[in-house]
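This report refers to the structure that appears directly beneath it.
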Amino acid sequence: MNYLLQLVALLALTTSVWSACELKWVKTDHKNLPPDSVLVIANNPAGDFYVSRAVYNGVLTPGRYKPAEETCFVTMDGHEYGLRENFEVLTNPNKCFLDWKKAHDGTVPKGAVESGKDPQGGVAYSARLHEWFGWMVGKMYKSTNKMYYGWGGGENVKTEYEILVLLDQAPDHTLHPSCANHKQFDHDSIVCVCTDSKPCDSLQGPTKTGAQVLTKWESTAQGNRFVRSELKLADKGQHVDVDHVGSQLWVKLNRDVKHQQIVGFGGAFTDATGINYKKMGAKYEDQLIRECYGKEGLEYNMGRIPIGGSDFSTRAYSLDDSTPDDVPLSKFNLTSEDLELKIPIILKAKAMATSDLKLFGSPWSAPAWMKNNHQLIGGGDLEAKYLDCYAKYFVKYLDAYKAHGLNHWGITVQNEPMAGQAWNSMHFSPESMAEFVGKHLGPELARSGYGVDKLQVMQLDHNVGIVKEWVDKYFADPVASKYTQGTAIHWYGHDPKEQLDAPHNQHPDKWMLATEACVEGGVKLGDWNTADLYASDILGDLLHHVIGWVDWNMALDTQGGPNWCKNWVDAPLIINPDLKEYYRQPSFYAMAHFSKFLAPGSVRVDTPVVNQNNNHGLVGGFRRPDGSTVIIAVNTEEIEIDLIVEDDKAAAINVHGLKPSCANHKQFGHDSIVCVCSDAKPCDNLQGPTKTAPGVLTRWESTAEGNRFIRTELKLAPKDHHVDLDQNAAQLHVKLNRDVKHQQIIGFGGAFTDSTGINIKKMGAKSEDHLIADCFGKEGLEYNMGRIPIGGSDFSTRAYSLDDNTNDDKPLTKFNLTQEDLDLKIPIIQKAKKIATHDIRLFGSPWSAPKWMKNNNELIHGGDLKSQYLDVYAKYFVKYLDAYKAHGLNHWGITVQNEPWASQRWNSMHFDPKSMASFVANHLGPELARSGYGVDKLQVMQLDHNVGIVKQWVNEYFADPVASKYTAGTAVHWYGHDPKNQLDAPHNQHPDKWMLATEACVEGGVKLGDWNTANLYATDILGDLLHHVIGWVDWNMVLDTQGGPNWTNNFVDAPLIINPQLKEYYRQPSYYAMAHFSKFLAPGSVRVDTPIVTQSNNKALVGGFRRSDGSTVVIAVNTENIKIDFTVEDIKAAGKLVQKIAPRSHCQSYSGGRPLRESITPEAEEFQCQTPVFVNQIPRDLRQQLEGIVDYYVDSQTSGHMLWFNINGRPMYCFTPENQSLSAQCNSSDNMIPYSQHCFPKVVVTKVRFIDSDDSVTAKKTKTIGNFRVGKVLVD
């Protein structure tokens, strides 16, 4: 007998209707702006643009008028043209109701304003989208289903956009925050405000529910923050109405097809994070750390540590800056940033974390004296003579942190090795990184006790868009491959996550970890788009094999720093010391939807799409270690989605809308709210997966409307229950196959940046504990990973390394942990370690080597490691590791260099793959090995840059067999938001080298309550996990309201934002997005197969995971604004394994072989980041024996050509289909588009449904375990 489970979430759809109110086009010239002109958006970072049009080549073409340049810009045939006369500006003299509605692929909302024509005479509409540099406006052709806009003289093409519409009534942007203490800051949502007296609400993760009940957690742009609701399941025979005008996302849940195991979620222990923690005072510091790592916070279990400085420092520094040629690394030292801003915070996080904290270090740059540009900044390459020295530098770093009691789980070899930024950066190509790891870093690590069994080495640590190239080239080096476990990816560029599939398929033994993500451009308090970005990116990553997702700064100030080069970004936590409060951004809650549910060890299971139309929703299914199943859904669009999850073992529900769930909340002008946390009113606890009664499914949901981690219990239904699908909704139908296993998830976390430490400390002791617990504690995100900037980053108050007091300290005698380490990092890490529910995997990431090691003689602007300092720099790593170890902080890993291809204006250093591989193989690897940080002790990660370059780096880096031997994996950042399928080829080429997401943040400062950040988190994390990434570590865990401190003003957003002046802090939507992963995918979870059956008109992500306790988790992310019928089909429902083992499950109950079921109709929601949890009722003593009975998967890949380079300092890329010529398409800047562009519409999920598969199954290889007969279940 087959059984059926439907989970349907109905979301409100705001429909634009035709209005008789008239708009007028007024002809003007460049000097006169007509009255009542229609402004695209207020306070646009790209400038004030007005809707305009002009006749060009005989075609009436919509464009933009920019008064500051006295020019109307239009595009045609790939070019942008500026007109100074004979153009028209749209005016609204009658004060008509206007709005912008999200759409994609040629869809046109009702009431759309017709602004012109296409060359064939068809209709053209005014359209806008958000890029990393601000909002742009252009035209959308219905005939081509594309939007076109101009920038820099060229014409850019997009398929996702917003259309200007004319309404008959005022648009309804009413917010209903669920956190009582909240604020709105001119964005579309709110932030939750946290203070000493009014702490933010605790994030409650999965819990035991009553019989026949499903629990849902929801966060929305309207203010819901992790709102928990309980739903009963519908009887299978009960009729279920679906919306026939919406979209559908229908997936099947197959817990037997397993994919990657989730290692966890986290953030980066940047200097800026540490500074922000500290700035808030001891009480707030603990509170902020708890927000990320505590039980009632995000429960991060991963932490990325910049090895040296990054842009999120107050200065450019490495850990050996005090001498120009310190080959012995005698001057290597942990800096004040390490000692004050990183190590203390990491220690606190470690103490608070609910699972072991997986720390991994990522260098932004080798010391300046090791580089050919003699600078920490501006990229530059590691000089050949310093390859061994730099390998030892890693060991020094690992040893230094170990001396503080912080063992690293891994390292990335270089942060963003393809970006020569104006801050700490260093260049590696895939080949040079592979050579460095194979010949230097890998052997040195092995000699030093950080062998492959001790430390995970990750290559790349850059954008998704280059993962395939890096995986191909890096892992072609067998020695580098041997030392490298995976690939670290970044989200920048927001490349399609499908780009991760080919790398994974090519090297399925090499996992991918999302290691950095942030929304650039400073802090947007309450900006829901950031939550959208988080949720979409996290889930997108997870759906494409990524094993974890590590955010960038965990906490920033309101500017988005500190950042010494003013590269402000956003973060999940934003501090406001002046008001003595901090803010949970929408992205905080987006993160919560992952980190609170996908506990380390969770496994993504199969959720193949059955049908998906008219939406880009994402859905992921996961099996938690406790046997429960989690489903996370993200919808970033403005329209309803019928979300259907079809499960062979389950039933159906119809989910009603929810109100904001955190009573203490605020809205700050963004599309959602932040939950407000203070000493007096702490935030709600994040409740993770718990045992449920038979026949019960538990769902957690966060929505833009304000639901935050809302828990709902559902009963299961008989299989014969009738389900009506919405014929007008998009369909997403996936299968869940727990027997096909992919990567193991190691965890999630954030970065112990100086800014995070500063912000945590700034809030006072009580709030400090709360903040740490919010990230690492049982009732927080339960992070188990922490990234520690080795030295400074931009999220510090200065540029520094750990050896700055000399010009040539080869013996590293001047090496020292800085005040930042001792005050802002180590104490917080120690606290996190104490409260963490899992062992915290710490990994250090250097932003730059000491400047005297670099050829540019600067910590900033990239530069290369000088060859004579390669050995010294390797020892520098060891010094760092030893120094932290002396404080009781052992590192799990390091990244060789943070963003080695980015020559930023803050701490940065350049590696290419070959130079990094050479450094690791010949210097760092051997030095680490000699120093007790061999491959069995320390995970070395290469790259530590964006996904877009992973393939190249993996190919070139792991082509060096020695570097490969020393390197466990590849660290990736989310910047650029490259397609996650770019991670597949690197994984497939080097399946033994995992990938870890080590940095992510939304740039541009803090957007308190911005739901788009939550979307970005969820999408990136799940996207990474679906493409072999083993964990996801956020960037700053806690920032102030500016998005800092950041000494370069590079403000970003963070999941937790402090406001010391109000004595409160805010859980951003991204915090809850992370919770949907970190709370459920516990370390050891394994992603299982969720192949798509049908997916129409949407781009939703679905991931399935098997937790180490035997439970199953499904996570779905839908980033579109249309309805999706979401179906998860569990192929085991008709199989013998299912029939014979009564599961302990939130979604299944077998009594006499038949589950019970009833139906519930829920309210509508605009956005839902949903995390249903299934806990199998398998006896605990049988779970390990049942694990691994089935181990197969089917995946797909896309191919094409990618070219990445800089044009006038702007990172660019060009992609062509496989059958087109790269040279023909990428030979001029006209065909290039900015590398970091991304635009994610709002997340909307309307329906979730679980339906059992009717596929016949065959049980093979059966055996008897206890009283149960089990077998390998294969679909005929």
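Going by mature numbering (1 follows the signal peptide of the UniProt record, and there is no 0), the letters in the sequence shown line up with residues -19 to -1, 1 to 1257, in that order.
Here a beta-carbon is modelled for each residue, glycine too, at the ideal position from N, C-alpha and C.
1. Judging by CA-CA distance, which residue of G1065, L579, Y1047 and W404 is the nearest neighbour of Y258?
2. Kindly identify the DSSP beta-bridge partner or partners of D735.
3. Quick check: what's the CA-CA separation for T610 versus K276?
4. With C-beta atoms as the reference, is I519 less than 9 Å away from G134?
5. Tell me the residue span of the beta strand (DSSP E) that contains Y281.
6. Looking at the secondary structure, which residues open and close the beta strand (DSSP E) in which H111 lies?
7. Write down every uninterrupted run of the beta strand (DSSP E) in the region 120 to 164 whose length is 3 residues or greater and which is fully enclosed by it, in chain order.
8. Quick check: the Cα distance between E51 and A108, rounded to an integer number of angstroms?
9. Excluding the 5 residues flanking D434 on each side, which residues of the same chain have their C-beta closer than 8 Å to its C-beta?
10. My output table needs one value for G1190: the three-state DSSP class, helix, strand or coil.
11. Go through its chain and collect everything with a Cβ distance to T799's Cβ below 7 Å, but skip five positions before and after it.
12. Go to K866, then tell me how far its alpha helix (DSSP H) extends in each direction, as first and last residue.
13. Enumerated in chain order, which unbroken segments of the beta strand (DSSP E) with a length of 3 residues or greater are wholly contained in the region 881 to 960?
14. Using the C-alpha atoms, what's the distance from A1081 back to M283?
15. Which stretch, first to last residue, makes up the alpha helix (DSSP H) that contains T994?
16. Considering only their Cβ atoms, is the gap separating H471 from A997 smaller than 9 Å?
17. How many angstroms separate the CA atom of K847 from the CA atom of P348?
18. Go ahead and label V138 buried or exposed: buried means 16 or more other beta carbons lie within 10 angstroms of its beta carbon, across all protein chains shown.
19. Just the C-alpha distance for G248 and H819, rounded to the nearest angstrom, thanks.
20. Within its chain, find whatever has a CB closer than 6 Å to the CB of D1176; leave out the 5 residues flanking it on each side and keep chain order.
21. Excluding the 5 residues flanking L41 on each side, which residues of the same chain have their C-beta closer than 7 Å to its C-beta?
22. Determine whether the beta carbon atoms of G950 and K988 lie at a separation below 9 Å.
23. Have a look at N903 and M351 and give me their C-alpha separation to the nearest angstrom.
24. Spell out the partners DSSP gives C664 in its beta bridges.
25. Could you give the first and the last residue of the continuous beta strand (DSSP E) run that contains E686?
26. Helix, strand or coil for A614? Go by DSSP, reduced to three states.
27. Please classify G731 as buried or exposed, where buried requires at least 16 other C-beta atoms within 10 Å of its C-beta.
28. Where does Y1174 land, buried or exposed, given buried means 16+ other C-beta within 10 angstroms?
29. When the Cα atoms are used, what is the spatial distance from F733 to L147?
30. With a threshold of 8 Å, are at least 3 pairs of Cβ atoms found where one atom belongs to the region 492 to 499 and the other to the region 922 to 937?
31. Along the beta strand (DSSP E) that carries residue 1335, what are the first and last residues, could you check?
32. Who pairs with Y781 in a beta bridge, going by DSSP?
33. Is it the case that the Cβ atoms of E562 and L234 are separated by a distance below 9 Å?
34. How far does the beta strand (DSSP E) with S303 in it reach, from first residue to last?
35. Should L579 go down as buried or exposed, given a rule of 16 or more other Cβ atoms within 10 Å for buried?
36. Quick one: using the 10 Å Cβ neighbour count with 16 as the cut-off for buried, is P1072 buried or exposed?
On the basis of the coordinates in this document:
1. Y1047
2. G255
3. 20 Å
4. no
5. Unbroken run through Y281: none, as it is neither H nor E.
6. V104 to E112
7. 127 to 132, 135 to 139 and 141 to 148
8. 21 Å
9. G915, V916, D917 and K918
10. Residue placement at G1190 cannot be trusted, given a pLDDT of 33 that sits under 50; the coordinates are not used to answer.
11. L315, T316, S317, E318, D319, L320, E321, Y781 and L783
12. L851 to K866
13. 887 to 893, 920 to 926 and 950 to 953
14. 26 Å
15. W992 to L1006
16. Before going further, note that residue 997 is Leu rather than Ala in the sequence given. Cβ atoms of L997 and H471: not closer than 9 Å.
17. 8 Å
18. exposed
19. 15 Å
20. Its pLDDT being 21, under 50, D1176 is placed unreliably in this model, and the value from its coordinates should be taken loosely. For D1176, where only same-chain residues beyond five positions count, the Cβ hits under 6 Å are D482 and N486.
21. R34, G97 and K98
22. no
23. 14 Å
24. D182
25. A685 to R689
26. strand
27. buried
28. Bear in mind that a pLDDT of 20 at Y1174, under 50, signals an unreliable position, so the number given afterwards is only what the model happens to contain. With 16 or more other Cβ atoms within 10 Å, it is buried.
29. 47 Å
30. yes
31. This structure cannot speak to residue 1335, because the chain is shown only from -19 to 1257.
32. A297
33. no
34. Per DSSP, S303 belongs to no beta strand (DSSP E) and is neither H nor E.
35. buried
36. buried
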